[in-house]
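These notes are about the structure you will find just below.
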Amino acid sequence: MDGQRVWITGASSGIGAALAVACSKAGAQVVLSARRQTELEQVAAQCGDRADIQLLDVADPESIQAAVDAVQQRHGGVDVLINNAGITQRSTAVQTDMAVYRRLLEVNLFGTIALTSAVLPGMLSRGAGQIVAVASVAGKVGVPLRTGYCAAKHAVVGYCDALRAEVQDQGVGVLVVCPGFVNTPLSFAALQGDGTAHGAMDSELASGIAPEAVATRTLRAIERGEHEILVGGKEILGVHLKRLSPRLLNRVTRRIARDRT
342 MDGQRVWITG ASSGIGAALA VACSKAGAQV VLSARRQTEL EQVAAQCGDR
392 ADIQLLDVAD PESIQAAVDA VQQRHGGVDV LINNAGITQR STAVQTDMAV
442 YRRLLEVNLF GTIALTSAVL PGMLSRGAGQ IVAVASVAGK VGVPLRTGYC
492 AAKHAVVGYC DALRAEVQDQ GVGVLVVCPG FVNTPLSFAA LQGDGTAHGA
542 MDSELASGIA PEAVATRTLR AIERGEHEIL VGGKEILGVH LKRLSPRLLN
592 RVTRRIARDR T
């Protein structure tokens, strides 16, 4: 990480903020992006003189292109891109408006693809770089009340797997990070079926692992050139259970659905 240019989206809180601090401590020059200037400034203050702020809305194509041009001009390129910006969901499929599904896909999937597509040519021309996508255990296992979120995160995993096959031999690595329950404010902004914010902290997240633990494991995976990591508590066992006994996993998730709907 020492001396590398690391661009992190969703850097104003949670996992993104923890990644920013961890990368700066490892010697990286970090570019912090999100929509909220004040929160980004607070994170940047923890990174010393190694942080640069670039406002970005990953759901806005014009914002993405303007940000890429600005970062390229100020830093000359990006060595590591960490796609962390995201939004989750708290509603059943039958309750969820199509506009909410589109918003979930726009932020979680298309934002990742658009920014990666804009940064990738520079990495390929240098024959070096790392693309990181923070997906979720929900990108490996279907989770009730998160149909749109699961769809988006499953798509992110598939996109990254295919991208890795295309670019790894050209010197560009692709890492997928699949966190489980992490103690972040993610659920406060979760979209309900009508698009309003959930506005509450989930008990699972409140008792989840610290975002700093995700950041530490992610940096180690980047340094090792790993392809995919699972980070969390017992909930990550669902990924293995899906492979070993899909029928049993279905029973577990049906029980969760009954308890929460």
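When we follow our numbering, the leftmost residue of the sequence shown carries the number 342, and every step to the right adds one.
Every residue, glycine too, gets a C-beta built ideally from N, C-alpha and C.
Predicted, not measured: the structure shown is a model, and the values here were computed from it.
Taking 8 Å as the threshold, find out whether the stretch 484-496 comes into contact with the stretch 455-469 through three or more Cβ pairs. no
Please report the straight-line C-alpha distance between S477 and V523, rounded to a whole angstrom. 10 Å
Per DSSP, Q430 forms a beta bridge with which residues? Answer is L532, bridged to Q430.
Please tell me whether C364 and L560 are closer than 9 Å, where the distance is taken between their beta carbons. yes
Can you tell which of G521, V448, I472, L465 has its C-alpha closest to the C-alpha of L482? The sequence as given places Val at residue 482; Leu does not occur at that position. Minimum Cα distance to V482 is reached at G521.
From which residue to which residue does the beta strand (DSSP E) around G514 run? 513-520
Burial state of L589 (16 or more Cβ within 10 Å): exposed
Which residues in the same chain as E567 place their Cβ atom closer than 7 Å to its Cβ, once the five residues preceding and following it in sequence are excluded? L516
Give me, in chain order, the residues of the same chain whose beta-carbon lies closer than 7 Å to that of Y500; leave out the 5 immediate sequence neighbours on both sides. I454
According to the Cβ coordinates, are A375 and T350 closer than 9 Å? yes
Can you give me the start and stop residues for the alpha helix (DSSP H) that V473 sits inside? V473 -> not in any alpha helix (DSSP H); beta strand (DSSP E) instead, spanning 470-475.
Taking DSSP as the reference, what is the three-state secondary structure of R376? coil
Can you tell me where the alpha helix (DSSP H) holding E567 begins and where it ends? First-last for E567: undefined, no H or E at that position.
Look up N425 in the DSSP assignment and say whether it is helix, strand or coil. coil
Contacting residues, own chain, Cβ-Cβ under 7 Å from E545 (five flanking each side not counted): Answer for E545: F522, listed in chain order.
For E553, which residues of its own chain have a beta-carbon under 6 Å away from its beta-carbon, when the five flanking residues on both sides are left out? A359
Less than 9 Å between the C-beta atoms of L422 and V347, yes or no? yes
Ordered along the chain, which non-local residues of its own chain (more than five positions away) have a Cβ less than 6 Å from that of A562? L516, I570
So what does DSSP say about T488, is it helix, strand or coil? It is helical.
Distance CB(L446)-CB(G480) smaller than 9 Å: No, these two residues do not count as a Cβ contact at 9 Å.
Whether A392 touches V372 by CB criterion (9 Å): yes
DSSP three-state call for A392: helix, strand or coil? strand
Using alpha carbons as the reference points, say which of R415, M342, T602 lies closest to Q471. Checking every option, the nearest Cα to that of Q471 belongs to M342.
Whose CA, out of A530, A369, C491, Q511, lies closest to the CA of S354? A530
Around the C-beta of A538, are 16 or more other C-beta atoms found within 10 angstroms, so that it is buried, or is it exposed? Result: exposed.
Start-to-end residues for the alpha helix (DSSP H) that takes in L350: According to the sequence as given, residue 350 is Thr; it is not Leu. Counting along the chain, T350 falls outside any alpha helix (DSSP H), though it belongs to the beta strand (DSSP E) covering 346-350.
Could you check where the alpha helix (DSSP H) with M439 kicks off and where it finishes? That run of the alpha helix (DSSP H) goes 439-446.
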